[in-house]
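J.: Chains as they are written, first to last, in UniProt numbering: chain G, 1 to 297; chain L, 1 to 297. We put the beta carbon where it would ideally sit given N, CA and C, even for glycine. Structure incoming, see below.
2 protein chains.
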Amino acid sequence: MQLKSLRLFMAVAETGSFVAAAKRLHTVQSNVTTHIKKLEEELGVQLIHRAGRVRPTSAGLALVEYAERMLTAHDEAVSLFKGQEKACGRLRIGAMETTTALRLPPILAAYHAAQPDVDIQLKTGPTAELVELLLNGQVDCAFVAGRLEHSRSHVLKAFSEELVLVGSMPMTTMPSSQALLASAFMAFRQGCSYRQRIELLLASYGVNAGRIFEFGSLDAMLGCVAAGMGYTVLPRGTVDAHKHRFGIHTLALPASIAHIDTYFVAPEPATWTPALASFADMLCDAVVVDELNLTAS
Amino acid sequence: MQLKSLRLFMAVAETGSFVAAAKRLHTVQSNVTTHIKKLEEELGVQLIHRAGRVRPTSAGLALVEYAERMLTAHDEAVSLFKGQEKACGRLRIGAMETTTALRLPPILAAYHAAQPDVDIQLKTGPTAELVELLLNGQVDCAFVAGRLEHSRSHVLKAFSEELVLVGSMPMTTMPSSQALLASAFMAFRQGCSYRQRIELLLASYGVNAGRIFEFGSLDAMLGCVAAGMGYTVLPRGTVDAHKHRFGIHTLALPASIAHIDTYFVAPEPATWTPALASFADMLCDAVVVDELNLTAS
DNA sequence: CCAGCGTTATCTCAAAAAAAGATAGTAGCT
DNA sequence: AGCTACTATCTTTTTTTGAGATAACGCTGG
Numbered sequence: 001m002q003l004k005s006l007r008l009f010m011a012v013a014e015t016g017s018f019v020a021a022a023k024r025l026h027t028v029q030s031n032v033t034t035h036i037k038k039l040e041e042e043l044g045v046q047l048i049h050r051a052g053r054v055r056p057t058s059a060g061l062a063l064v065e066y067a068e069r070m071l072t073a074h075d076e077a078v079s080l081f082k083g084q085e086k087a088c089g090r091l092r093i094g095a096m097e098t099t100t101a102l103r104l105p106p107i108l109a110a111y112h113a114a115q116p117d118v119d120i121q122l123k124t125g126p127t128a129e130l131v132e133l134l135l136n137g138q139v140d141c142a143f144v145a146g147r148l149e150h151s152r153s154h155v156l157k158a159f160s161e162e163l164v165l166v167g168s169m170p171m172t173t174m175p176s177s178q179a180l181l182a183s184a185f186m187a188f189r190q191g192c193s194y195r196q197r198i199e200l201l202l203a204s205y206g207v208n209a210g211r212i213f214e215f216g217s218l219d220a221m222l223g224c225v226a227a228g229m230g231y232t233v234l235p236r237g238t239v240d241a242h243k244h245r246f247g248i249h250t251l252a253l254p255a256s257i258a259h260i261d262t263y264f265v266a267p268e269p270a271t272w273t274p275a276l277a278s279f280a281d282m283l284c285d286a287v288v289v290d291e292l293n294l295t296a297s
Numbered sequence: 001m002q003l004k005s006l007r008l009f010m011a012v013a014e015t016g017s018f019v020a021a022a023k024r025l026h027t028v029q030s031n032v033t034t035h036i037k038k039l040e041e042e043l044g045v046q047l048i049h050r051a052g053r054v055r056p057t058s059a060g061l062a063l064v065e066y067a068e069r070m071l072t073a074h075d076e077a078v079s080l081f082k083g084q085e086k087a088c089g090r091l092r093i094g095a096m097e098t099t100t101a102l103r104l105p106p107i108l109a110a111y112h113a114a115q116p117d118v119d120i121q122l123k124t125g126p127t128a129e130l131v132e133l134l135l136n137g138q139v140d141c142a143f144v145a146g147r148l149e150h151s152r153s154h155v156l157k158a159f160s161e162e163l164v165l166v167g168s169m170p171m172t173t174m175p176s177s178q179a180l181l182a183s184a185f186m187a188f189r190q191g192c193s194y195r196q197r198i199e200l201l202l203a204s205y206g207v208n209a210g211r212i213f214e215f216g217s218l219d220a221m222l223g224c225v226a227a228g229m230g231y232t233v234l235p236r237g238t239v240d241a242h243k244h245r246f247g248i249h250t251l252a253l254p255a256s257i258a259h260i261d262t263y264f265v266a267p268e269p270a271t272w273t274p275a276l277a278s279f280a281d282m283l284c285d286a287v288v289v290d291e292l293n294l295t296a297s
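In structure tokens form, the structure reads like this:
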């Protein structure tokens, strides 16, 4: 059974004429006859009354319902990829907790305004997990810390973050090695790239990674820091946005450790759905604008 | 876009291999490549990741949903016509009021027991209207009084009825011409074949069709006869079934007028859905059994 | 009842497409 | 680095499709 045959069949059913159906689909009457005949042979039943008025038989009417479902699904699939202007369908984004909290809200809002028909799904997790999700095709794109080693991926530097030490008390200098050793550190669960920085930081002070508590959410983590449980390391922007709420304090870290980039990663552009393509487009523009602003200031 | 290509695409998506997909659908790998490639060209997007593991891209996953809808609809359509054993779908039956009341209930019950997946739709109307519905394809088959003149139709004599005169008082002889002239007659609405018999009956008594009241339902009609409004003419079986309820009385009519056959009519068998085919089969058997019973007794 | 008109079925040929096999190229694995 | 298993490409054969010409059919009006 071919979709082409079903289209011809529907045209015959609607126009009540083989000639008219042929004209509508830009072909000749003999082809309509052949296609209908083939459908009839395939299903073992006469689909069209030829005697007198040309119209669908009972069997034909029954087929109409299924043909409509098939053709509608086909048309929708085509318009998903070939539809001009508005994208539709689904966009699954993976992002780190900190990116989700600070960077994503305005981006997603802008995207939703531009593409209201796209169903946005957001998954949060540490970098390593996000990379895994991306490679398994469980997300369409992701925001991760650090360049993806994988070749054949589209990578775009999205945001630059400055990591700061976060504690419950005001700090002017780095706490002593002993103080660090005595404190707990809060981090996202295994695979978080910020966690590596914490370990790097502790190592640079000659301290072995001591107690590291794992958290799944930013709020819980900051809450514990505020309660004096210990320290954490987070992007300055993320902490600033929550400073007042939690009553926490920050200290700049050495540049070598502090600077971290967030990248937008996705498979090759050739594999993108229109929804993803327009998201990447928007992001690219936003980043360029961002960089211009930085240059200007 | 071809359904065949979509099947191959789904097989690739499921098996994660072009070779396996080819094997599953009994073809060779090069054809799988060609079909997928054609799909990709048509939609302007890469559907399958070839590097490393073979798996659907984001765009491919989006297509999967539509492909499933198309292929499911296709499979259902095929099984509607080619499905062995149980028929499914819809069966639209047209029947006269009297047939519906007396003959159809046991038949429909038996059919529903045999084909529980068929959605039965019953339309009631006079013969002329039913013939019209049948010719317009608004019912799949019909029970009508009198042979259908139309050629290219499947016709089966389904039931033989004996018409009787129905009145509110016991009758031993035909009412006088004057009594008939003074009385009203109840009939179904225009197009009812029994109504023609009433007029024939009156004519044979030299009486012009006087007042004929039209009814849409059997119950209403018998109720009015019982109330002494006048006479009607109906199959004996139909009246007998309601005699006690209404307190009405019958009188045999002359054989020439009394005898009337109900036919099962439908388009050519080649146009039948499996649901209609099994209904006609059942009916045919039932009629044969009926005739054997009559012969035996 | 028959001729004329419009419609569908059939036939034919050329062109296009699909299927299958052979081969080359590529990625992952040891 | 070489082996293995996979996909892409190329080629040939076969099948299918599309379009035109023509025959057959069924209405309709005289």
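Considering only residues of the region 88 to 168 of chain G, which uninterrupted beta strand (DSSP E) runs meet the minimum length of 3 residues and lie entirely inside it, listed in chain order?
T.: With a minimum length of 3 residues, the continuous beta strand (DSSP E) runs that stay inside the region 88 to 168 of chain G are 89 to 95, 118 to 124, 141 to 145 and 153 to 167.
J.: Between leucine 283 of chain G and methionine 1 of chain G, what straight-line distance do the alpha-carbon atoms span, to the nearest angstrom?
T.: Numbered from 1 along the first sequence, position 283 holds the residue referred to as residue 283 of chain G. Numbered from 1 along the first sequence, position 1 holds the residue referred to as residue 1 of chain G. Spanning the two alpha carbons is a distance of roughly 44 Å.
J.: Taking any Cβ of chain G, which residues in the region 65 to 93 of chain L have a Cβ under 9 Å from it, in chain order?
T.: Per Cβ criterion, the list reads Glu65, Tyr66, Ala67, Glu68, Arg69, Met70, Leu71, Thr72, Ala73, His74, Glu76, Ala77, Val78, Leu80, Phe81, Lys82, Gly89, Arg90, Leu91 and Arg92.
J.: Starting from the beta carbon of glycine 44 of chain G, find every residue of chain L whose beta carbon is closer than 8 Å, and list them in chain order.
T.: For the purposes of this step, residue 44 of chain G is taken as the residue at position 44 of the first sequence. Within 8 Å Cβ-Cβ: Phe81 and Lys82.
J.: Terminal residues of the continuous beta strand (DSSP E) containing tyrosine 263 of chain L?
T.: The sequence position of residue 263 of chain L within the second sequence is 263, counting from 1. Per DSSP, tyrosine 263 of chain L belongs to the beta strand (DSSP E) from 259 to 267.
J.: Apart from the five residues just before and just after serine 160 of chain G, which ones in its own chain have a Cβ nearer than 6 Å to its Cβ?
T.: As a working note, residue 160 of chain G is residue 160 in the first sequence. Same-chain partners within the cutoff: Asp261.
J.: When the Cα atoms are used, what is the spatial distance from valine 233 of chain G to serine 153 of chain G?
T.: By one-based count along the first sequence, residue 233 of chain G stands at place 233. By one-based count along the first sequence, residue 153 of chain G stands at place 153. Answer to the nearest angstrom: the Cα atoms are 29 Å apart.
J.: Assuming glycine 16 of chain G and arginine 53 of chain G are in contact, meaning their beta carbons sit under 8 Å apart, how far apart are those beta carbons, in whole angstroms?
T.: Position 16 of the first sequence, counted from the start, is the residue given in the question as residue 16 of chain G. Position 53 of the first sequence, counted from the start, is the residue given in the question as residue 53 of chain G. Indeed, because the Cβ distance is near 6 Å, the residues count as touching under 8 Å.
J.: For arginine 152 of chain G, go through chain L and note every residue whose CB falls closer than 8 Å to its CB, in chain order.
T.: Position 152 of the first sequence holds residue 152 of chain G. In chain order: Ala51.
J.: Let me make sure I understand the geometry here. Which of L:Ala286, L:Leu202 and L:Glu14 has the alpha-carbon closest to that of methionine 65 of chain L?
T.: Counting from 1 along the second sequence, the entry for residue 65 of chain L is found at position 65. Reading the sequence as shown, one finds glutamate at residue 65 of chain L and not methionine. Among L:Ala286, L:Leu202 and L:Glu14, the Cα nearest to that of glutamate 65 of chain L is on L:Glu14.
J.: List the residues that DSSP assigns as beta-bridge partners of valine 233 of chain L.
T.: The residue labelled residue 233 of chain L in the question sits at position 233 within the second sequence. According to DSSP, valine 233 of chain L bridges with L:Leu165.
J.: What whole-angstrom Cβ distance do leucine 102 of chain G and alanine 187 of chain G have, given they're in contact under 8 Å?
T.: By one-based count along the first sequence, residue 102 of chain G stands at place 102. By one-based count along the first sequence, residue 187 of chain G stands at place 187. In fact, because the Cβ distance is near 17 Å, the residues do not count as touching under 8 Å.
J.: For the region 78 to 92 of chain G against the region 27 to 43 of chain G, do three or more pairs of beta-carbon atoms, one drawn from each stretch, fall closer than 8 Å, so that the two count as touching?
T.: No, the region 78 to 92 of chain G is not in contact with the region 27 to 43 of chain G.
J.: Quick check: what's the CA-CA separation for arginine 92 of chain G versus leucine 122 of chain G?
T.: Start at 1 with the first residue of the first sequence, and residue 92 of chain G comes out as number 92. Start at 1 with the first residue of the first sequence, and residue 122 of chain G comes out as number 122. If I take the Cα positions, the gap works out to 6 Å.
J.: Check this for me: beta carbons of threonine 100 of chain L and threonine 124 of chain L, under 8 Å apart or not?
T.: Within the second sequence, residue 100 of chain L is the residue found at index 100, counting from 1. Within the second sequence, residue 124 of chain L is the residue found at index 124, counting from 1. Against a cut-off of 8 Å, the Cβ pair of threonine 124 of chain L and threonine 100 of chain L comes out as a contact.
J.: What residue from G:Thr57, G:Tyr263, G:Thr238 and G:Asn31 has the CA that sits closest to glutamate 268 of chain L's CA?
T.: What you label residue 268 of chain L is simply residue 268 of the second sequence in a count that begins at 1. It is G:Thr57 whose Cα lies nearest to the Cα of glutamate 268 of chain L.
J.: Check distances from the C-beta atoms of the region 270 to 282 of chain L to those of chain G and list, in chain order, the residues that come in under 8 Å.
T.: Those would be Ala270, Thr271, Trp272, Thr273 and Leu276, in chain order.
J.: Would you please verify whether the beta carbon of alanine 62 of chain L is less than 8 Å from any beta carbon of chain G?
T.: Position 62 of the second sequence holds residue 62 of chain L. Chain G, which has a Cβ nearer than 8 Å to the Cβ of alanine 62 of chain L, makes this yes.
J.: If the cut is a Cβ gap below 7 Å, which residues of chain G does arginine 55 of chain L touch?
T.: Along the second sequence, one-based indexing puts residue 55 of chain L at 55. Those are Gly137, listed as they occur along chain G.
J.: Among L:Arg147, L:Glu162, L:Ala158 and L:Ser5, which residue has its Cα nearest to the Cα of residue 309 of chain L?
T.: Within the shown structure, residues of chain L are numbered from 1 to 297, placing residue 309 of chain L beyond reach of any answer.
J.: Determine whether the Cβ of leucine 25 of chain L lies closer than 8 Å to any Cβ atom of chain G.
T.: What you label residue 25 of chain L is simply residue 25 of the second sequence in a count that begins at 1. Leucine 25 of chain L does not count as touching chain G.
J.: Which residue's Cα is closest to the Cα of histidine 259 of chain L: L:Tyr194, L:Gln138, L:Glu85 and L:Arg189?
T.: Residue mapping note: residue 259 of chain L aligns to position 259 of the second sequence, counting from 1. Nearest C-alpha to histidine 259 of chain L: L:Tyr194.
J.: Taking the alpha carbon of valine 139 of chain G as the reference point, which residue from G:Thr271, G:Asp281 and G:Ala182 has its own alpha carbon closest?
T.: As a first step, residue 139 of chain G is located in the first sequence; it is residue number 139 there, counting from the start. Nearest of G:Thr271, G:Asp281 and G:Ala182 to valine 139 of chain G, Cα basis: G:Thr271.
J.: Determine the contact status of isoleucine 257 of chain G and valine 225 of chain G, defining contact as a CB-CB distance below 8 Å.
T.: Taking the first residue of the first sequence as 1, we reach residue 257 of chain G at position 257. Taking the first residue of the first sequence as 1, we reach residue 225 of chain G at position 225. No, the Cβ-Cβ distance between isoleucine 257 of chain G and valine 225 of chain G is not below 8 Å.
J.: Among L:Ala277, L:Arg7, L:Ala109 and L:Asp285, which one has its Cα closest to the Cα of glycine 83 of chain L?
T.: The residue given as residue 83 of chain L occupies position 83 in the second sequence. The shortest C-alpha separation from glycine 83 of chain L is found at L:Ala277.
J.: With a threshold of 16 other CB atoms inside 10 Å of the CB of glutamine 178 of chain L, please say whether the residue is buried or exposed.
T.: Along the second sequence, one-based indexing puts residue 178 of chain L at 178. Burial call: exposed.
J.: Run down chain G in chain order and give the residues with a C-beta less than 8 Å from the C-beta of proline 267 of chain L.
T.: In the second sequence, the residue the question calls residue 267 of chain L occupies position 267. Per Cβ cutoff of 8 Å: His49, Thr57 and Ser58.
J.: Per DSSP, what kind of secondary structure is threonine 57 of chain G in: helix, strand or coil?
T.: By 1-based counting over the first sequence, the position of residue 57 of chain G is 57. Coil.
J.: Are the Cβ atoms of valine 166 of chain G and valine 239 of chain G separated by less than 8 Å?
T.: Here residue 166 of chain G refers to the residue found at position 166 when the first sequence is read from its first residue. Here residue 239 of chain G refers to the residue found at position 239 when the first sequence is read from its first residue. Yes; because the gap between Cβ atoms is below 8 Å, this pair is in contact.
J.: By the three-class DSSP mapping on this structure, what secondary structure does glutamate 85 of chain L have?
T.: Taking the second sequence and counting its residues from 1, the one referred to as residue 85 of chain L is at position 85. The answer is coil: DSSP assigns glutamate 85 of chain L none of H, G, I, E or B.
J.: Output the boundary residues of the alpha helix (DSSP H) element that contains methionine 174 of chain G.
T.: Position 174 of the first sequence holds residue 174 of chain G. Note, methionine 174 of chain G: premise wrong, no alpha helix (DSSP H); not H, not E.
J.: Compute the beta-carbon to beta-carbon distance between alanine 95 of chain L and phenylalanine 143 of chain L, rounded to the nearest angstrom, for a pair I have assumed lies under 8 Å.
T.: Position 95 of the second sequence, counted from the first residue, corresponds to residue 95 of chain L. Position 143 of the second sequence, counted from the first residue, corresponds to residue 143 of chain L. Alanine 95 of chain L to phenylalanine 143 of chain L, Cβ: 4 Å. Contact.
J.: Using the DSSP secondary-structure output, state which residues sit across from glutamate 76 of chain L in a beta bridge.
T.: In the second sequence, the residue the question calls residue 76 of chain L occupies position 76. Glutamate 76 of chain L pairs with nothing; no bridge assigned.
J.: Checking contacts by CB at 8 Å: is methionine 1 of chain L closer than that to chain G?
T.: Counted from its first residue, the second sequence places residue 1 of chain L at position 1. It does: the Cβ of methionine 1 of chain L has a partner Cβ on chain G nearer than 8 Å.
J.: Going by C-alpha to C-alpha distance, which of L:Leu133, L:Leu202, L:Gly230 and L:Ala114 sits closest to aspartate 281 of chain L?
T.: In the second sequence, residue 281 of chain L corresponds to position 281, counting from 1. For aspartate 281 of chain L, the nearest C-alpha among the options comes from L:Ala114.
J.: Using a C-beta to C-beta distance shorter than 7 Å, which residues of chain L count as neighbours of aspartate 140 of chain G?
T.: For the purposes of this step, residue 140 of chain G is identified with residue 140 of the first sequence, where counting begins at 1. Ser58, listed in chain order.
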